[in-house]
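Mapping of the sequence shown onto full-length UniProt numbering: position 370 corresponds to residue 370, and the numbering continues sequentially without gaps.
Even glycine gets a Cβ: it sits at the ideal position worked out from N, Cα and C.
Since we're looking at a predicted model, the values are computed, not measured.
Inspection log for the structure reproduced underneath, given as structure tokens.
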Amino acid sequence: MKDGFVKAAAATPDIRVADVAYNTKKICEAIETAAAEHAKIIVFPELCVTGYTCGDLFSQDILLEKAKEALLEIAEFTKDKDGLIFVGVPLYVEEKLYNVAAALNRGKILGLTTKTFLPNYGEFYEMRQFTPGPERAREILFEGQQIPFGPQLLFQADTDEHLLVSAEICEDVWSAIPPSIQAAREGAVILVNCSASDETVGKDMYRRDLIKGQSARLLAGYVYANAGEGESTTDVVFGGHNMIAENGTVLAEARRFKNEIIYTEIDVKRLLSERRKNTTFQVAEERRLMRIPFHVEMERTELTRKFPSKPFVPSDEQTRRIRCEEILEMQALGLKKRLAHTKAKAAVVGISGGLDSTLALLVTARAFDMLNRDKKEIIAVTMPCFGTTDRTYQNACHMACKVGATLQEVPIAEAVRVHFRDIGQSENEHSVTYENAQARERTQVLMDIANRMGGMVIGTGDMSELALGWATYNGDHMSMYGVNASVPKTLVRYLVQYAADETEDKELKDVLYDVLDTPVSPELLPPKEGDIAQRTEDLVGPYELHDFFLYYMLRFGYNPAKIFRLAVYTFEDIYEKEIILKWLETFVRRFFSQQFKRSCLPDGPKIGTVALSPRGDLRMPSDASAEVWLQEIKELYKGL
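See the structure below:
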């Protein structure tokens with residue numbers, strides 16, 4: 001439960017149709033196993049106490065009586081188990097038979113959720129035996145106790161008011177208006193489904209999409225436990241297709257045709273963050289569903305789910321290639337519109353031989369192709385100065401020529417020296433003034449060339465640099481349209497890699513590959529023996545860490561302690577805890593102190609779920625204090 005993580009399990013036990021004692025034993029064994037794995041939400045299939053495929057045996061008094069006894073026995077078995085457990089059972093209530101998901105917690109039957117939509121088509125004949133649940137929940141007398149009975153019951157943890165769980169049963173989620181919709185609108189953040197969905201060719205894909213879609217639509221966790229081997233195969237086969245999804249992503253999935261328990265951790269805080277930001281997620285104006293407390297201990301949930309080390313970059317190669325093409329197209333379309341609207345006669349790009357300017361040049365060339373314009377109207381300007389190495393200079397020149405741009409070289413060393421003399425700055429004093437004077441001189445050159453050509457300056461800076469403020473104010477920070485403003489550094493590399501892989505021009509391919517192999521550097525300090533002396537990641541920290549911090553802080557609003565925990569878990573084989581915490585502190589300090597640079601950003605296209613534009617995704621005061629965040633980091637240092 002710590003940091004919002006709740007471990008969930010979907011279990012398909014071995015069963016025998018109508019053998020209640022055997023099924024009870026197997027259900028209890030599965031509860032024991034899942035509880036030992038510290039699962040706090042444990043879900044079993046529909047009618048698993050008797051078996052779903054009993055048919056007209058459901059009309060036999062002895063079977064129903066044994067099912068009721070089994071439910072009491074299973075409830076008693078949970079007395080010393082720390083979890084909320086859902087078990088499918090047939091229950092005879094007030095002269096009617098209902099298909100029920102019983103919620104059990106610490107020896108008690110907390111509630112009996114009824115199935116709302118009974119399938120009566122194809123291979124299903126549930127209305128022959130069962131009655132649809134009531135429209136609204138009420139209490140019934142069950143074995144001497146008043147117990148909530150009906151649809152959309154909400155189970156609320158007494159140790160965390162935000163942990164609300166609600167159940168539905170199989171066909172309910174396939175219906176036009178699933179009961180889980182109202183439950184989610186009233187706060188249910190984890191939805192469970194006791195199901196008996198049989199297998200037909202291709203049905204598993206539809207089922208997977210359905211569960212993913214429901215979890216995405218409701219910004220919820222969804223635990224789906226399906227009937228499996230042991231059910232009757234007289235006419236159908238069940239595959240035990242269990243799934244646990246979170247906001248559109250399947251986190252865990254069982255092998256079909258293998259009865260097993262799957263586990264993963266659902267991030268409740270992440271889901272609540274999504275709901276908080278999403279104004280179209282409409283909370284119900286009035287609460288009409290019953291809330292039933294349950295108890296689980298608050299403890300640190302051990303993580304088993306994977307968190308991508310590069311959250312902005314798809315891990316699957318094919319998906320990544322499709323995503324790269326889409327992003328390049330979006331960047332180019334944004335620039336195309338701006339060039340056409342301003343009737344710019346040229347696009348001016350400062351090229352350094354580094355990743356960011358390479359990407360900006362490639363995007364600009366693509367935009368000119370879209371406009372059917374001569375790429376000679378792209379003015380690629382190289383401006384060598386004190387820190388320029390021959391490697392980056394040659395790469396910049398070759399690349400400009402290969403994409404068909406007009407190369408213009410403007411050495412700025414003498415102009416910077418004049419400026420140094422004007423302001424009394426020693427050329428031997430390699431201070432921030434020494435560095436920024438070069439960056440601002442380059443921007444002045446680009447702006448004035450653009451004025452002379454009737455063109456516009458294309459910005460090259462990326463989102464990671466903007467987050468850290470790793471840009472010279474009114475230097476490389478400024479442009480007339482920033483095509484990379486929403487692209488994090490880790491993704492820039494893959495976009496350039498994609499362009500290199502796709503081009504049929506071997507010389508351009510070789511240049512792009514060399515750019516990819518070049519250390520990230522602003523090249524503002526003199527080289528050492530011809531090599532780059534200033535490596536950005538040595539100074540400000542690894543971009544893969546900063547992009548990780550950026551994603552979880554901006555996308556989900558995580559606090560530093562949770563971000564640190566996830567980073568340690570994800571990068572444990574790469575960075576020591578102390579290193580991760582050091583760079584997390586750097587990220588937080590710089591993110592807050594450098595907001596003034598983001599408050600006056602040039603226009604640029606948004607391409608992902610995280611962006612820093614002050615006109616859209618990040619409306620943050622430039623003088624906000626970072627003290628609350630830094631204080632938590634200080635506490636983390638004490639724990640190292």
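Q) How close, in whole Å, do the beta carbons of P179 and T131 come, if the pair is a contact with beta carbons under 8 Å? A) That belief does not hold up - the Cβ atoms of P179 and T131 are roughly 16 Å apart, past 8 Å.
Q.
According to DSSP, is S195 part of a helix, a strand, or is it coil?
A. strand
Q. Taking Cβ positions, are F58 and L112 nearer each other than 8 Å?
A. no
Q: Using alpha carbons as the reference points, say which of G202, S197 and M243 lies closest to E229.
A: S197
Q: Report yes or no: do three or more beta-carbon pairs, one from the segment 272-282 and one from the segment 8-22, lie closer than 8 Å?
A: no
Q.
I want to know whether the segment 186-203 touches the segment 222-241 - three or more CB-CB distances under 8 Å.
A. yes
Q. Would residue 700 pass as a contact of A332 if the rule is Cβ separation under 8 Å?
A. No answer is possible for residue 700: it lies beyond the span of the chain, which begins at 1 and ends at 640.
Q. Within 10 angstroms of its Cβ, does M298 collect 16 or more other Cβ (buried), or is it exposed?
A. exposed
Q. Quick one: Cα of A561 to Cα of F307, how far?
A. 16 Å
**Q.** Run of the alpha helix (DSSP H) containing K66, from where it starts to where it stops
**A.** D61 to F77
Q: Could you give the DSSP three-state label for G459: helix, strand or coil?
A: strand
Q. For T503, which residues from the same chain have a beta carbon less than 7 Å from its beta carbon, with the 5 sequence-adjacent residues on both sides left out?
A. K509
Q: Would you mind giving the Cβ-Cβ distance between F149 and I109, rounded to the nearest angstrom? I have them listed as a contact below 8 Å.
A: Wrong, their Cβ atoms sit about 10 Å apart, outside the cutoff.
Q.
Taking only three categories from DSSP, how would you classify F124?
A. coil
Q) Under 8 Å, do M456 and T342 count as touching if we go by C-beta distance? A) yes
Q: For I165, name the three-state secondary structure that DSSP assigns.
A: Correcting the residue type first, residue 165 is Val in the shown sequence and not Ile. Looking at V165 - three-state DSSP - the assignment turns out to be strand.
Q: May I have the straight-line CA-CA distance separating G454 from F368, to the nearest angstrom?
A: 16 Å
**Q.** Inter-residue spacing [alpha-carbon to alpha-carbon] between E507 and S464
**A.** 29 Å
Q. For the alpha helix (DSSP H) that V208 lies in, which residues bound it at each end?
A. The sequence given here has Arg at residue 208, not Val. Here the alpha helix (DSSP H) through R208 covers K203 to R217.
(Q) Out of R373, A415 and D356, which one is the CA nearest neighbour of A396? (A) D356
Q) Any idea if P542 is buried or exposed, counting beta-carbon neighbours within 10 angstroms, 16 or more meaning buried? A) buried
Q: Tell whether a beta-carbon distance below 8 Å holds between V268 and G4.
A: yes
Q. What whole-angstrom Cβ distance do Q146 and P293 have, given they're in contact under 8 Å?
A. Not really, about 15 Å apart at Cβ, beyond 8 Å.
Q. Shorter than 8 Å from the beta carbon of I322 to some beta carbon of chain B?
A. Among the chains of the structure shown, chain B does not appear; only one protein chain is present.
Q) When you compare only the Cα positions, how much space is there between L289 and R138? A) 10 Å
(Q) Using a Cβ-Cβ cutoff of less than 6 Å, which residues in the same chain neighbour T358 once the five nearest sequence positions on both sides are dropped? (A) V496 and V515
**Q.** Three-state class that DSSP yields for M399 in the structure shown
**A.** helix
Q | Assigned secondary structure, T12 (DSSP; H/G/I helix, E/B strand, else coil) | A | coil
Q: Would you kindly work out how many angstroms separate the C-alpha atoms of E578 and C401, rounded to a whole number?
A: 45 Å
Q | V87 versus M205 - alpha carbon distance | A | 25 Å
Q) Among the residues of its own chain, which have a CB less than 8 Å from the CB of T159, if the five just before and after it don't count? A) M1, H295, V296, E297 and M298
Q: On a CA-only basis, which of V236, R106 and K597 is nearest S622? Give me that one, please.
A: K597
Q. For the alpha helix (DSSP H) that F587 lies in, which residues bound it at each end?
A. K577 to S593
Q. So L72 packs on V49, CB below 8 Å; how close in whole Å?
A. 11 Å between Cβ atoms; not a contact.
Q) Does the count of Cβ pairs from the segment 253-268 and the segment 236-245 closer than 8 Å reach three? A) yes
Q) Looking only at its own chain, which residues have a Cβ that is under 6 Å from the Cβ of L618, when we skip the five neighbours before and after it? A) L612
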